[in-house]
Every structure is written in C-alpha cells, then in structure tokens.
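Numbering (the numbering used here), first residue to last: 62 to 1183.
Here a beta-carbon is modelled for each residue, glycine too, at the ideal position from N, C-alpha and C.
Since we're looking at a predicted model, the values are computed, not measured.
Since the structure comes first, as structure tokens, the remarks are kept for the end.
Written out as structure tokens, the structure reads:
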C-alpha cells in the first residue's frame, strides 16, 4: 500500500483540481480543515466491468394470496432482462432459487396500529425470533424469451399451527450471451387469514386499578375497516405481592391476573377494549379474529407495563462493598415530536420515595435540570416539558434518582441503605422545517435521446411545508450512468442527514455516591487492608484516572430520419456535473447538457440548498439507438496473446434487418482466412427485437496500444431508412515482464576458469537481452541486502538495531568501495547516529529495550534487549560512532541479569525451556562481543541444559562465547558441540543448511527463521574451523536463498551480513589480479581487468537476436599472476 499527499490552497468558493492515482486498487480521502471543523470525503478505487443490461422480476396477477389447509394454490413469478440502452435480453440462461420464511405485515395506511407480534417499547426481548419459520430452497433453470422474460409456477398449501404471514422470495440469476450474470429478486406474501386485527394503546403504560384504554380495528389486507367481526382479547398480568414469611422477613410472591374480553368490530371507527389491571407489573395482551373459513389472525403485545405495585425484590447486591446503581426506565408518550410540542416522559423508579433530576442533553449542551419526586409507595411519575427546535433531530433525556431502601440479609432494625438509580432515553425531533422539495423535468419529455445529443433539464425548488417556490436557492446537478451506480447501489446521502445528523449526548457523568461504602464491618476491614496494600505500589505500577469522551415497437418507426453514422468514442459515465446554479424568482433553474456516447440509462440528481434548508430530487432517462453494437473486450492484452472478442448485436426495431458488421484494427492481427487485411466483416439477418453474438479472434503484433473500430449498419438504399452504430476502443498491449537471473560464486585458484552460460528457452527475439555482470569480490553480492536494511520504512527497535548491525559489520567495505545505491558516507553516518539516539531514548530503567517505547507501563523485551546489546557491541568495537557510556553500562547489567529479567515477566512462564536457554545463550554471545570473558558461564549453561534444551542457534552463540575463553575444558566442549552439529546438518554436493524450530513461541519471542540459524552457525564455525567445507556450503546455501538480492526480513539480512562479511574476509585475503573475457562462440564480446578488490559490477550486454541462433556463451577468466 502506497500513500500520497496532495495539498491545495484556494480562496474561491469552488475549485477544480486534478491528481494522478497509482495503478491498482486504493482509497482516496479528501480533507478540508478549517479552524473549527475538518470535513472529510472518501471513496475507493476498484476495478469493475460496466453492466450492459439490467434485470427485474415480478409476481403476476398481484392479488392477495391466502393459506388453505387442503387446496393447492399457485403463483406465477416472472423475471425480465432489459438492455440498459434499450431492447430485450433474449435467449439468456436463467437460474431460479425460491425460498420462504415467516414475516410481519401491516395493512396499508394502518401504521399507527400494531399487528402481529409487537415489541414492547420499554422492554427489549430477543424471543421474537424464536417462532420464525423457514422452509427449504427450491431450484429451476430456463431461458428468456424474445421479450427477455422467463416464468415459473410456485405451488403452496397448508396452514401453520401459529398463523403468521409467509413471505416467499424468488431469486433469478440471468446470464447474457457474453457471460455477464446479474441477479434479481421478487417476493409475495401468503396471508394466514382474510382479516387482520390491530390495536393501539392510548398510553404506553398503565396504572394499577385504573382502566387501560386500547383501540382495536379489524381490517382486510388493504387496510379497509371490516364490520361485525368478533374480536377476542386475552389479558394476563404478572406481579408480586409483599408478605412476611414465618421468620418475619419480607418476601415477594409471584401472582397473576387473567382476564378475557370480547367485542365486535366496526367499519367506521376503532372500537374500545378497556381492562382494569389488578396488579402492578407486566401484562401480556393478545387479540384474535377468524374469517369465514375459520382461519385465524392474531396480534400480541408482550410486557405492557402497569405501575402502582410494590417495589420489586432486590437482589443481594449488598454483598458488594459499594452502593450498587439501579436502572431507571424512561418511556416517552410519542415516538417523534415537532418543535414546540409538549413531551411527557414516564419515569419508572426501582425504589421509593426518591428525589429525581431530569437532564436534557444534546451534543454537549445541557438544558436547565428538571426536578421531580417519586412518592412513597409509588414506583413512577411523569415529567412534562416543551420541545425546542435546537434539539433537532434528537436529544437524550437522562434521569438520576436518589433515595434509600431496606437492607437485605441484615437484622430487622437495621437502618435503610442509600440507593441510586440512573437511566436515559433518546427522543426524536422531526426535521421537516428544514426540508425542500426538488422536482426535475426536461423540456423534451417524449424525445428519444441519442448519443452526443443536447438535452435541457429544469429543476424546481419549493418549500416542503407550504409548497412555496424558493428563489436564490443553490442547485447542484449530477447526471451519471446508472450502470456504474448499479455496481454498488450507490445513492446520494440526504443533506439533512449530513447537516442535521443524529447527535449523541456527549456528556460525561461522574457520581461520587457510587464510591460510598455500605456499613458492614467485615468488608470495611477488608477494604482497609486493600488500601494499605495499594500504598506500596512497585516502580512499574501506576495509578490511573477516568475521563469523558468527546464529540463522529414503434418508437423507431417510419418517422425516424436518416441516421448519420458516427463513431462513438466518448464513454464518460459522468454526463454532467454542475456544482452551483441559482434558482430564479419562480424557484426554477434550467441547465443544458450534452450527452456522451454511452448507450445507457442516466440517473439525474439535483441537490438544492439555501441558508438552512436542504432537498434532493431525482429522475432518469435513456440514451439508445435503433440498432446497437456492444463489444466485450478484456482490460488489456499481453504481447503474444490470442483473444476472442465477443460482440453482441441488438435490433430494437420491429423489422427484420440485414446487417453488415465489421472490425477494423491496428497493432492487431485478425485470425481469419485473409490474415493480411486489417479488417474483417460479417453479414447477418437479425429478427426484430433480437440479439446475436459475433466472435472476432485476434492476436497482438507489438506492445503498445491496439485500437479497434466495430461497425454495424444496414445496406444503404433509397426506399428505406438506414440504421447503424460504430464504436472505437483501445487496449494496452503490455511488454513481457518475465525474466530469468542467476549468479555463480567460485574461487580462482586455477590459472584459467571457464563458465559456460546456456541461453534460456522460449526467448522472445523482440525484447530483452543477456546481461553478464562480473566482480572481483563476493562482497558485491551483499549490497542489495544493505540497501534493503537502509531503506526499510519502519523503525521499531529491532529494525533500527538490525540496520546498525548490518551496516556497521560492512563499514570497512563501504569505506573502501563506493556503492551507487547508497548515499554518501556523511549522510549515512548522520542517519545511523539518529538511529542510535532513538535507541537511547527507548532504553528502560533496567537497561533493557522494548519494541517501541520505554513507558513505565511497558516492559523490556528480553530478545529485543539482547539484540540491541549485540548491535551496540559491534558499534563500540568499530569505534565509528560514540555510544553513551551509561547506555552501554546499563545494557551490560541487563545482560548479566538476563535470567532474572526473564523470570520477572508474568508471561514468561508460558515460554519453552528451549526459548529461555536460547535467550541466555544470546546474552552470553553479546557479552563476548563486548570482549568479556564469558567462557566459564557458557560452559555452565551448557552443562545445565544439555543438547535437548538448546536450539541450533543457542549452540552457535555458545560456540562463539566458548571460543573467546581460555579454560581447559572449553576445547572438549567445543569439539562435542561441533560433532553434534555436523550430525544434524542437511548437505548436498554444493550447499548445506540446518532446519530447526523453537515450537509455538519461536516466531513470537525469538523472531526465528531457518536462514538466520544458518547465518549464526556459519559465524560460529568460522570461529572454530574456518577451513571446513561446511562453511563454504553454508555460505552457498545462504546465497541461494536470496530474493531480489536480499533475504526475507531485517533479522535475516543483518545476521547473514555479519556471517558473510566474516567469511569473505577469511576467504579473500589476497588482492585480486585477473582478466575476465567473454565470447559468443567464436565472437569476442569484451573483457575487464581486475587489479584489486572491487564491489563495482562490470556488465556486458548481448542482444537476443543473436542468441536466437546460439546455444551457449563462454566466460573465460585468465589469471596472469594468481
């Protein structure tokens, strides 16, 4: 992922600017900041294929469908495909998928009543999905007819035990002649009964012993009221009675209140069903009706709240030391309000008596608090206030209650304990006063639009409330291809949602009461101990505080004129973008639009605004031709590709037409009988309203751009109207990108050395070449790894120390030879000094290092600490940079205490013993790099662990530590480890490598890899047996694992550089003196003489046009003196 930044300064209200995007998918984010706000706009860059047609589906005979217990019923579902530019999608494959499930239904214009299973306003319950019914899917295949349509018959019967509406979905996937596929879905409802019963509460809550008023209606599916239908109502209440048990303690028993009511419906007005609840608590209410065929319909309300009962039994929350916070439920008397409406809130309290405070908050602003009280023996009250327009579109009402309740699990005469409760509800306020009506019309409503034609669009802006015209309103007009929009179902957001978005409360509430302790002796003593213990925090622990959050057929008849054939080439999907136009005194603005060459349907959006009001209008129109040609081409071609271009011809007229279709191409060979011609054509008879697909096979000639002109026309004569269409497209033809590269490494002990090079197969003679590069030192092969470390973009402690370690190891080479890809030594030194200072700032008090920081709440990472110490040791020995003495002293102290530092980490207990011993071995290695004699400690560690607890890397690190000492037992231990390693190595005739693992924590803790292991062991073997052939094989194995000149990670790069630098300094002790000659068979190509070490690369390039006839190239190295 690459990032780019574009800065634009402007003073005008509207500006245009261009920018170039990198190839591939990406994200674009525009930011427009000012002193107070920061406006953001975001979109994605994606590859896509523009749809050429659209699909739709429908259910025929849109009548009502009802369940029947024995008789089969059926429904006809139809799908249809239409070309976006006009015409039918005939002979296309259709795959149907049908499934059904239970749903909810509300009759038309009865949305203020509840039908089916209604959800309580004040209680949320997830059980409303438990009775949902689902059915298995069914499948069918077919083809569209001449009108682009296909039908299926869906049969159903039966009634479920619990009647509910059933929705049936019919999904049709339509695949065109050019293999494009689109899906469409339709659905229909199966009703359980001919009638529906709906209800409405006068209030959202009730009061004990006072009538609860409900309005009930019986309707048909169209919402018409039905007369003389018996409605049965069942009411079941659940509450609690306060009693004393045999011990004199207060208990609460569950009681129920069941009532049954009946009434007859009216076709004029709702009928009232009133019931008087005898309990305070929750009530479940159901209403049911039957039709003439005894089919049942039911509506149900669960947990209707009735207040006026006793306080509910409290849980034994006093077992906690602090005062618990109870919940307050708040129920508004309406779902939405207009400004200046009177809002009434029902406050349901968990205890009484209580003092309350109601706070109205909106986006950080708080109204004057409203005080209220809950009287003793009651559990609710109401609060009224007027709605302000400043609260649009919503505000939050928060209630706070304070009081006291009896203690539980205490003596009878214990004093009451403090009680607190909180709750909030979001109240909606309508945004209608800020709405505008926007109407879009055209001056040519019946005209058929063709490519490149001129159209005129009128936009009328009026008030939403009184429909008055709005003058001097600003209008933004957008005309865009619907085919592009359909890819993501993109729609313009309402400006009301942008400028008047939903707002959070943005108020942080802090309560001191919840910190108060309940009087209980044993818990107070326990708390005293906790407070006392908390006063003795360790150095690594910190206190913390909380904080608050902030503000997120006949249309082409004989009347058609002679069509002039024009080549279509402008396919811009954005036909019009007019950011600002002003309405006149009648509230209208007119805009002229010249259309591009697309054959499609356009969506027109008009966004209107004045100082505080906003509106959005839309319409659509189609651009088409009597006959059309639609090529389906790939996005690009590679050199040598063969492609089969699919071209769909469409006849939208009511006539059978003889058509001539042709293709003209440049930089493309047409694979026909006459391959020397740049064009090819077909003659075809196309029936009316039919389509056909033609195939044009082609192949590329050169890289670059290939251009194609497709044309279709009727024969020209004087007796009939001629039609035609032409389109021009271009495709990029890419150059082959595949290349082969290899390197060989060897010694020049013989006087003459021959290195044959065989030309690769399947070489394209038009491209590329053979490049032979030579150097007098194998160190030249390490420059790419150095560059990888230097240019690595991230800078955690591991990457900084790996960069320093790798570059410092080859510092002498960098001084002697110049590498073009790296900066000057002075710039390089400045960069490395900066890296050292960053590491210094990250050192922890114990001398260790973390990955990014040294914060007190973080910890030093053992591996990271030892790795940085290793880096600092190399820097100190090179004496190129000055390193702070305290930094070195502290890190050495950490290395000496590495085992205890590991034990102090709480998560280190999950590490394997192999990982722990490896960390301690690496620490001894790093101390040896500081020139400390740690051979004795290395021997002790080996005796503690043995081979079974030491990884190959640990053995390598111990070998280096042991070889630095002078203890008599060292030689035997070194020989023992060396013999063990030689038995574990995997060798071939040329290379060698070790394969090891730490287990699950190898990557996480040790950053392990096999190439790093080989590098560590190579360095250790060079310390004890530099003349071993195993060293040479390990070196070749490491060189063979490079990718683009470097290894896979910063860890691999730095350790390999350390090892290979040591290897090449041992193997390349003598100054080179030789000549390199290159021949093509008997043709001499060039030479280069080497007199000393040089990492500079000498190249010889040979053209592939010669290599096409030759098999090998010989490289000869002559040695005059060595």
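- A distance below 8 Å between beta-carbons, with the five flanking residues on each side excluded, links residue 164 to the following residues of its chain, in chain order: 225, 226, 227, 228, 250.
- By the C-beta criterion, the region 208–215 is judged not to be in contact with the region 666–686, since fewer than 3 inter-stretch pairs fall below 8 Å.
- Secondary structure of residue 1066 (DSSP, three-state): helix.
- Here residue 668 is near residue 537, since their CB atoms are less than 8 Å apart.
- With fewer than 16 other beta carbons inside 10 angstroms of its own, residue 101 counts as exposed.
- The Cβ atoms of residue 767 and residue 724 lie no closer than 8 Å to each other.
- A check of alpha carbon separations from residue 416 across 105, 389, 868, 540 identifies 389 as the nearest.
- Apart from the 5 residues on each side of it in sequence, residue 748 sits with its Cβ closer than 6 Å to the Cβ of 717 in its chain, given in chain order.
- Just measuring C-alpha positions, the residue of 778, 686, 990, 1151 sitting nearest residue 1080 is 990.
- Among the bridge pairs identified by DSSP, residue 758 is matched with 705.
- If you look at residue 347, you'll find it isn't in any alpha helix (DSSP H); it sits in the beta strand (DSSP E) that goes 342–351.
- In this structure, the CA atom of residue 758 is about 8 Å from the CA atom of residue 733.
- Contact annotation: residue 455 and residue 499 have beta-carbon atoms that are not nearer than 8 Å.
- For the pair residue 665 and residue 679, the CB atoms are nearer than the 8 Å cut-off.
- Per DSSP, reduced to three states, the secondary structure at residue 900 is helical.
- Each of 409, 267, 276 was checked against the Cα of residue 344, and the nearest Cα belongs to 267.
- When 832, 936, 762, 916 are compared, the shortest CA-CA separation from residue 861 is found for 936.
- Residue 357 sits in a strand when the DSSP states are folded into three classes.
- The residue among 1052, 233, 156, 326 with its C-alpha nearest the C-alpha of residue 202 is 156.
- For residue 743, the enclosing beta strand (DSSP E) covers residues 740–747.
- By the Cβ rule, the region 977–984 counts as touching the region 1011–1021, because three or more pairs are nearer than 8 Å.
- Taking 8 Å as the cut-off, the beta carbon of residue 1086 is found closer than this to the beta carbon of residue 1039.
- As computed with DSSP, residue 957 is found in no beta bridge at all.
- Minimum Cα-Cα distance from residue 315 among the listed residues 323, 325, 303 corresponds to 303.
- Across the set 287, 282, 395, the C-alpha of 395 shows the shortest separation from the C-alpha of residue 262.
- Per DSSP, residue 339 is not a residue of any beta strand (DSSP E), being assigned neither H nor E.
- Nearest in C-alpha terms to residue 993, of all of 963, 330, 1003, 953, is 953.
- Here residue 1131 is not bridged, per DSSP, to any residue.
- Within the same chain, Cβ atoms closer than 8 Å to the Cβ of residue 319 are found at 295, 296, 297, 298, the five residues on either side in sequence being excluded.
- Residue 1145 sits in a strand when the DSSP states are folded into three classes.
- In the displayed model, residue 867 falls within a helix according to three-state DSSP.
- The Cβ atoms of residue 235 and residue 357 do not sit closer than 8 Å to each other.
- Secondary structure of residue 543 (DSSP, three-state): helix.
- For residue 1049, the closest alpha carbon among the candidates 715, 114, 1093 is that of 1093.
- Under the three-pair Cβ rule at 8 Å, the region 777–797 counts as touching the region 695–713.
- Just measuring C-alpha positions, the residue of 245, 541, 127 sitting nearest residue 252 is 127.
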